[in-house]
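In the order they appear, the protein sequences are chains X and V. Take 3 as the starting number for the first sequence in our numbering and just add one per residue. Take 3 as the starting number for the second sequence in our numbering and just add one per residue. Backbone N, C-alpha and C fix where the C-beta goes; we use that ideal spot for every residue, glycine too.
There are 2 protein chains.
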Amino acid sequence: MPDSRLKKYLDKKRRTVDAALRRCLPKHAALPPVVHEAMRYSVFAGGKRLRPILCLAAAELCGGTAKRVMPTACALELIHTYSLVHDDLPAMDDDDFRRGLPTSHKKFGEGNAVLAGDALLTFGFQLMAENARRGRARPAAVLDVVRTVAEAAGSRGMVGGQAADLAMSGNGKNRNGEKTPDALRKKLDYIHRNKTAALIRASLRAGALLAGASPVRLNALDAYGRSIGLAFQIVDDILDIVGDKKLLGKRGSDRDNDKLTFPALYGLEASRRMARREVRRAKNALSLFGPRARILNDLADYIVERQN
Amino acid sequence: MPDSRLKKYLDKKRRTVDAALRRCLPKHAALPPVVHEAMRYSVFAGGKRLRPILCLAAAELCGGTAKRVMPTACALELIHTYSLVHDDLPAMDDDDFRRGLPTSHKKFGEGNAVLAGDALLTFGFQLMAENARRGRARPAAVLDVVRTVAEAAGSRGMVGGQAADLAMSGNGKNRNGEKTPDALRKKLDYIHRNKTAALIRASLRAGALLAGASPVRLNALDAYGRSIGLAFQIVDDILDIVGDKKLLGKRGSDRDNDKLTFPALYGLEASRRMARREVRRAKNALSLFGPRARILNDLADYIVERQN
Chain X
3 MPDSRLKKYL DKKRRTVDAA LRRCLPKHAA LPPVVHEAMR YSVFAGGKRL RPILCLAAAE
63 LCGGTAKRVM PTACALELIH TYSLVHDDLP AMDDDDFRRG LPTSHKKFGE GNAVLAGDAL
123 LTFGFQLMAE NARRGRARPA AVLDVVRTVA EAAGSRGMVG GQAADLAMSG NGKNRNGEKT
183 PDALRKKLDY IHRNKTAALI RASLRAGALL AGASPVRLNA LDAYGRSIGL AFQIVDDILD
243 IVGDKKLLGK RGSDRDNDKL TFPALYGLEA SRRMARREVR RAKNALSLFG PRARILNDLA
303 DYIVERQN
Chain V
3 MPDSRLKKYL DKKRRTVDAA LRRCLPKHAA LPPVVHEAMR YSVFAGGKRL RPILCLAAAE
63 LCGGTAKRVM PTACALELIH TYSLVHDDLP AMDDDDFRRG LPTSHKKFGE GNAVLAGDAL
123 LTFGFQLMAE NARRGRARPA AVLDVVRTVA EAAGSRGMVG GQAADLAMSG NGKNRNGEKT
183 PDALRKKLDY IHRNKTAALI RASLRAGALL AGASPVRLNA LDAYGRSIGL AFQIVDDILD
243 IVGDKKLLGK RGSDRDNDKL TFPALYGLEA SRRMARREVR RAKNALSLFG PRARILNDLA
303 DYIVERQN
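If you want it as structure tokens, here you go:
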């Protein structure tokens with residue numbers, strides 16, 4: 003449970019992000035209706051808006067304002083949502099439910115789910131580019147953001163992590179050649195750093211870049227992002243085993259897919275210790291900001307203590 | 003058949019683009035190998051490089067150089083390739099072959115084909131953003147390009163066209179409510195303008211934007227792009243019926259999928275007339291460039307006369 007100060011902050015920011023997402027997404031009526039409906043369906047299926055909030059918080063910590071980075075914050079949520087829509091596809095994790103609701107392909111059909119994901123990713127880049135409009139940010143900084151997010155989301159980031167994850171799933175069949183604990187650990191580390199942590203890290207970096215942060219501050223937020231991104235994925239793995247099914251909307255999906263996870267490889271207790279260690283590292287990275295980093299420090303704690 | 007002058011031009015440009023693509027794409031060995039292998043497989047499966055060449059030709063016509071727009075030219079080919087990989091998926095057009103080779107999902111599995119498409123799209127945006135590096139283009143112009151291409155590729159462009167196409171396929175089952183010829187014609191026009199023409203149009207616009215073209219020249223190239231884009235798709239429909247299967251690598255796919263096409267709705271002869279009319283329009287749009295527009299004029303002719 004986040005403490006009440008953090009809870010208030012998260013609620014407020016989530017509402018602001020939700021309002022901005024509602025404004026920026028194409029309306030239901032826009033042609034072709036089914037893709038736009040599917041885009042909105044998955045975006046408004048109850049996400050925590052963690053990536054946008056991290057982007058906003060990083061910008062604010064570096065002297066920027068939420069308003070000036072909001073298009074990019076929304077873009078990060080769209081890109082996160084696209085990754086969930088495609089990950090849930092029958093050819094990937096084959097999940098019928100997410101957050102208690104039917105997944106996109108169950109509701110709109112597989113072809114439309116592929117297209118809705120494609121459109122969300124594409125619209126994310128459009129929104130990022132629009133962040134330079136009306137003097138919100140310098141064009142060169144916006145281009146840095148586009149490059150940063152593309153790297154984090156692409157084949158050497160999120161997509162790469164998902165591909166490695168996919169290759170490692172399924173009754174250990176495909177684990178040939180990585181049967182030694184050391185090789186498996188290396189693989190798991192690659193998957194987690196890329197599948198989830200890369201975009202979380204890019205979210206913080208994007209906010210800092212748009213606020214014109216100095217290299218020292220940029221690096222600090224980058225280190226923080228790397229650690230909480232990893233902690234986030236470790237906790238995700240743990241919750242898939244011990245979490246409350248009602249709060250999560252699903253559970254046991256990793257085990258069903260025979261996924262390579264932290265608890266599977268290290269056990270629950272060691273996984274929890276690793277997540278806590280990453281949180282300590284994350285907080286240390288922010289020491290140069292002093293007490294102003296309180297929100298991000300609290301957020302790091304929240305990430306390991308969350309129940310969904 | 004393109005005349006020999008145009009053929010020489012296309013061959014030369016295609017080789018330059020191929021070399022640039024080879025340099026920019028992640029190497030086979032890069033982790034995760036399968037996604038990078040799948041990306042290269044589809045990119046080097048024998049494309050005509052029409053979109054990159056249009057981008058280069060537009061830039062050169064407006065006083066730019068090929069070198070300065072090459073990252074964007076490559077990006078356009080990657081985005082085109084991603085759209086083919088996803089269109090071929092079982093949940094979409096379900097094609098086993100393209101250009102005589104097994105499609106991505108037949109060769110690498112469905113999950114990897116989805117991911118390879120995602121990665122190609124994402125890398126396309128990364129390359130576009132990198133077009134501002136080493137003083138190649140102004141950051142503001144590059145952002146205009148990112149926005150232009152995202153709009154053309156997204157839910158109100160290429161993805162939208164594909165979604166409408168998908169909804170209209172399959173034994174006429176889903177054509178309820180669009181049974182009048184007028185409604186069908188409107189739908190067909192929407193599909194063709196978006197599915198193919200939008201990205202072709204954006205390719206010309208991108209080249210012109212990076213070369214710093216004046217609004218008058220930008221509009222002229224835009225009108226040209228709109229017309230040849232539409233002509234291109236009409237000819238694609240025609241070739242699916244009368245084309246040489248060996249040259250195309252496949253034929254009859256539209257009929258098998260009961261697609262809504264120009265020949266299906268207007269007949270072959272009327273479709274040919276419409277394609278030629280668009281070519282005339284395209285050439286008229288370029289009159290302000292005088293004889294320097296010769297290459298693009300020849301290209302317009304080639305688009306209706308091509309056999310694959």
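Tell me which residue opens and which closes the alpha helix (DSSP H) that residue i is part of.
i	result
V/Cys64	Taken as a continuous stretch (DSSP letters only), V/Cys64 belongs to no alpha helix (DSSP H), as it is neither H nor E.
X/Met276	270-287
X/Arg187	183-194
X/Asn221	217-244
V/Gln128	112-132
V/Asn299	296-307
X/Leu262	Segment: none, X/Leu262 is in no alpha helix (DSSP H) and carries neither H nor E.
X/Ser205	200-212
X/Thr18	6-26
X/Arg42	35-45
X/Arg149	141-155
V/Leu168	160-170
What's the C-alpha gap between residue i and residue j?
i	j	result
V/Gly174	V/Lys261	Residue placement at V/Gly174 cannot be trusted, given a pLDDT of 45 that sits under 50; what the coordinates show is reported in the next sentence. Going from the Cα of V/Gly174 to the Cα of V/Lys261 covers about 8 Å.
X/Leu56	V/Ala134	27 Å
V/Arg187	V/Ala47	33 Å
X/Phe125	V/Gly209	21 Å
V/Leu33	X/Gly162	7 Å
X/Val71	X/Arg138	7 Å
V/Lys15	V/Arg7	12 Å
X/Arg101	X/Lys50	11 Å
X/Ala115	V/Lys10	42 Å
V/Thr198	V/Gly113	25 Å
V/Val148	X/Leu270	45 Å
V/Arg177	V/Asp191	Caution is warranted here: a pLDDT of 47 is assigned to V/Arg177, below 50, making its placement in the model unreliable, and no coordinate value can be reported.
X/Arg203	V/His82	29 Å
V/Arg17	V/Ser216	30 Å
V/Ala61	V/Asp146	15 Å
X/Phe264	X/Ala272	9 Å
V/His13	V/Ile297	It should be noted that the sequence gives Asp, not His, for residue 13 of chain V. The straight-line gap from Cα to Cα measures roughly 13 Å.
V/Gly292	V/Leu241	32 Å
X/Ala295	X/Leu288	7 Å
X/Val144	X/Asp95	34 Å
Tell me which residues share the same chain as residue i and place their Cβ nearer than 8 Å to its Cβ, disregarding the 5 neighbours each side in the sequence.
i	result
V/Lys189	Ala166, Met170, Glu180, Leu262
X/Val19	Arg51, Pro54, Ile55, Leu58, Met72, Ala75, Cys76, Glu79
Got a sec? Which residues, its chain only, sit under 6 Å from residue i by beta carbon, not counting five neighbours each side?
i	result
X/Met3	For X/Met3, the pLDDT reaches just 48, beneath the cut-off of 50, and the residue's location in the model is therefore unreliable, leaving the point undetermined.
X/Arg219	Cys64
V/Ser205	Arg53, Leu56, Cys57, Leu78
X/Ala22	Met72, Cys76
X/Asp224	Arg207
Smallest Cα separation from residue i: which of the options?
i	options	result
X/Ala142	V/Thr150, V/Gly227, V/Met130	V/Met130
X/Gly231	X/Arg207, X/Ser216, X/Gly245	X/Arg207
X/Asn310	X/Leu270, X/Ala266, X/Leu290, X/Asp239	X/Asp239
V/Ile193	V/Ile236, V/Asn221, V/Ala152, V/Arg294	V/Ile236
X/Arg283	X/Tyr226, X/Pro293, X/Phe234, X/Ala185	X/Tyr226
X/Ala200	X/Gly156, X/Asp242, X/Leu211	X/Gly156
X/Pro183	X/Leu123, X/Gly159, X/Ala266	X/Ala266
V/Lys29	V/Val45, V/Tyr268, V/Ile81	V/Val45
V/Ala233	V/Asp256, V/Arg25, V/Phe291, V/Leu301	V/Leu301
V/Ala277	V/Asp256, V/Tyr304, V/Ala295	V/Tyr304
X/Ala40	X/Leu122, X/Asp95, X/Ala93, X/Arg25	X/Leu122
X/Gln128	V/Leu211, V/Arg140, V/Thr150, V/Leu117	V/Thr150
V/Gly66	V/Ala213, V/Glu280, V/Asp256	V/Ala213
X/Asn286	X/Ile243, X/Asp256, X/Arg228, X/Gly245	X/Arg228
Can we count residue i as close to the ligand NAD, meaning its CB is less than 6 Å from some heavy atom?
i	result
X/Lys69	This structure lacks the ligand NAD; in fact it carries no ligand of any kind.
Which residues in the same chain have their Cβ closer than 7 Å to the Cβ of residue i, if we skip the five residues on either side of it in sequence?
i	result
X/Gly119	Tyr84, Val87, His88
X/Thr105	Asp90, Asp97, Asp98, Phe99
V/Tyr43	Ser106, Lys109
V/Leu27	Met41, Arg42, Val45
Near-chain V residues of the segment 29-61 of chain X - C-beta to any C-beta below 8 Å: Ala32, Leu33, Pro34, Val36, Val37, His38, Met41
Against chain V: residues of the segment 133-149 of chain X by CB proximity under 7 Å: Ala134, Pro141, Ala142, Val144, Leu145, Val148, Arg149
Selection of the segment 116-133 of chain V by Cβ proximity to chain X, strictly under 7 Å: The residues in question are Val116, Leu117, Asp120, Ala121, Leu123, Thr124, Phe125, Phe127, Gln128, Ala131, Glu132.
Under 7 Å (Cβ pairs) to chain X, residues found in the segment 158-172 of chain V: So the list reads Arg158, Val161, Gly162, Gln164, Ala165, Ala166, Leu168, Ala169, given in the order they occur along the chain.
Interfacial residues, the segment 70-87 of chain V to chain X, with Cβ spacing under 7 Å: none
Cβ-based contacts, 9 Å cut-off: residues of the segment 100-114 of chain X near chain V: His107, Gly111, Glu112, Gly113, Asn114
Positions along the segment 211-235 of chain X whose CB lies within less than 9 Å of some CB in chain V: Taking 9 Å as the Cβ-Cβ cut-off against chain V, none of the residues of the segment 211-235 of chain X qualify.
Contacting positions in the segment 291-305 of chain X - beta carbon closer than 9 Å to chain V: none
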